[in-house]
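Heads up: take any position in the sequence shown, counting from 1, add 144, and you land on our numbering.
Glycine included, each C-beta is placed from N, C-alpha and C at the ideal position.
No experiment lies behind these values; they were computed from the predicted model shown.
For reference, the structure is listed below as structure tokens.
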Amino acid sequence: MRVAAASVTWADAARQAAFERWLADVGLRHGADTELAFVPADTPAGPRYLQALQQAQQQADAPEVERLMRAALAGLVRLQQTVSADLLPPCDEARLQRELALFPTWCVECEHGKTWSAAEQAIWQRVSTRLIDSALAQPVVAMHGDFAPRQLHVTTPGPTVLGFDRAAAGPIAYDLVSLLRDGSLAWPEEQELDWAVRWWQQARRAGLPVDADFGEFWRGFEWAGLLRHLGLIGALCRRKHGGEAAGGVDAAELQGLFNHASRVALRYAPLKPLLRLIEPMSGARVDAGFTF
145 MRVAAASVTW ADAARQAAFE RWLADVGLRH GADTELAFVP ADTPAGPRYL
195 QALQQAQQQA DAPEVERLMR AALAGLVRLQ QTVSADLLPP CDEARLQREL
245 ALFPTWCVEC EHGKTWSAAE QAIWQRVSTR LIDSALAQPV VAMHGDFAPR
295 QLHVTTPGPT VLGFDRAAAG PIAYDLVSLL RDGSLAWPEE QELDWAVRWW
345 QQARRAGLPV DADFGEFWRG FEWAGLLRHL GLIGALCRRK HGGEAAGGVD
395 AAELQGLFNH ASRVALRYAP LKPLLRLIEP MSGARVDAGF TF
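Below, the structure is given as structure tokens:
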């Protein structure tokens, strides 16, 4: 596991020290013979999962996609099972509010030059509150915070995870939706469901505190994904407009995030008003898809 623990905001020094001791211990104890590789930051790794999955998609190599994703799903369960959430700072309401606030600040105002009306601001506030409440209601586990294909390297027998700078004790579905719904990749929803069910079954066998009703879990998964995707859209726009650190934005990735967000907002009645805010910027028109 590649770790940048110094950039995590810790509630107290004792917890930071305990987590760093755990990292040192697990790095020695596991290494490359477990589902998830815990390695020093300077250890060479294979290609990024994102590039490997994109290549497999282009080559219509479904078995390779399945192999990579099954390894990542098993690795995620291993991480959630192995890392104690007690060692990590909480993913609390303030953190989730900061994540969502990136969207109106950087996407709406800076990227599109829009100013929301009082009615639109009220819609945003209601939806934000519902998303945050849903995330905080989920069982809490160790959360990598960005368990996405671009943060994984292809190694044997399982993926190496880069960075732990967003690590927190947070909602159980957050890392899974980070893996399955990346802005640069698109999967048929039947495939997303198959992988989600596979993770859910493994998580239950591992004793993780996952909801016994998959339908309820899926709803929390989708709502956590919407929260994440809105925050990521804002973060990408901030990268474009953020002064000294400004850089290019992948338009395809941005559109992919909007597509994910629009699909979820359309599906659930409490979230549907959000479409009024995001569709003028995304141009997305999507079908509702599966619900439970």
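Every unbroken beta strand (DSSP E) inside the region 342 to 396 [3 residues or more]: none
Is the beta carbon of Val-284 closer than 9 Å to that of Ala-229? yes
Roughly how many angstroms lie between the CA atoms of Arg-407 and Pro-233, to the nearest whole one? 31 Å
Please look up how many angstroms separate the CB atoms of Ala-312 and Gly-327, rounded, as I've assumed it's under 8 Å. Contact flag wrong, Cβ pair sits at about 21 Å.
If you drop the 5 nearest sequence neighbours on each side, which residues of the same chain put their C-beta closer than 8 Å to that of Ile-276? Correct list, in chain order: Glu-237, Leu-240, Gln-241, Leu-244, Leu-371.
Between the beta-carbon of Trp-339 and the beta-carbon of Leu-415, is there less than 9 Å? no
Once the 5 residues before and after Ala-176 are set aside, which same chain residues still bring their CB inside 6 Å of it? In this prediction, Ala-176 scores a pLDDT of 35, lower than 50, which makes its location untrustworthy; no coordinate-derived value is stated.
Opposite Gly-314 in the DSSP bridges: which residues? Val-285
When you compare each of Gly-359, Pro-207, Phe-402 to Glu-423 by their alpha carbons, which one comes out closest? Per the Cα distances, Phe-402.
Considering only DSSP beta bridges, list what Phe-234 is partnered with. The residue you asked about is not Phe; residue 234 is Pro in the sequence shown. DSSP, once it has assigned bridges, lists Ala-313 as partnering Pro-234.
When you compare only the Cα positions, how much space is there between Gln-346 and Arg-214? If I take the Cα positions, the gap works out to 11 Å.
Taking DSSP's pairing of strands, which residues face Val-305 in a bridge? Leu-296
Any idea what DSSP makes of Arg-325, helix, strand or coil? coil
Can you give me the C-alpha to C-alpha distance between Asp-355 and Val-321, rounded to a whole angstrom? The C-alpha of Asp-355 lies about 15 Å from the C-alpha of Val-321.
Decide if Pro-303 is buried, meaning its Cβ has at least 16 other Cβ atoms within 10 Å, or exposed. buried
Counting only C-beta atoms, is Leu-217 closer than 9 Å to chain D at any point? No chain D is part of this structure, which consists of one protein chain only.
Pop quiz: Pro-293 and Leu-329 are said to be a contact at Cβ under 8 Å. What is the actual Cβ separation, rounded to whole angstroms? 7 Å
My guess is that Trp-250 and Arg-382 are in contact by the Cβ rule of under 8 Å, so how many angstroms apart are they, rounded? 4 Å
What span of residues does the alpha helix (DSSP H) with Tyr-193 cover, start to end? Tyr-193 -> alpha helix (DSSP H) spans 193 to 202.
Is the separation between the beta-carbon of Gln-225 and that of Ile-316 shorter than 9 Å? no
For the alpha helix (DSSP H) containing Ala-229, list its first residue and its last residue. Premise fails: Ala-229 is in no alpha helix (DSSP H) and is neither H nor E.
Rounded to whole angstroms, what's the CA-CA distance from Pro-361 to Arg-274? Just pull it up for me. The identity of residue 361 in the sequence shown is Phe, whereas the question assumes Pro. For Phe-361 and Arg-274, the gap between their C-alpha atoms comes out near 16 Å.
If we count the other Cβ atoms within 10 Å of its Cβ and call it buried at 16 or more, is Pro-248 buried or exposed? buried
Does the beta-carbon of Trp-339, which I'm using as the reference point, lie nearer than 8 Å to any heavy atom of the ligand MG? You won't find the ligand MG in this model; it holds no ligand whatsoever.
May I have the straight-line CA-CA distance separating Gly-314 from Trp-367, to the nearest angstrom? 14 Å
What does the alpha-carbon distance come out to for the pair Gln-295 and Gln-269? 31 Å
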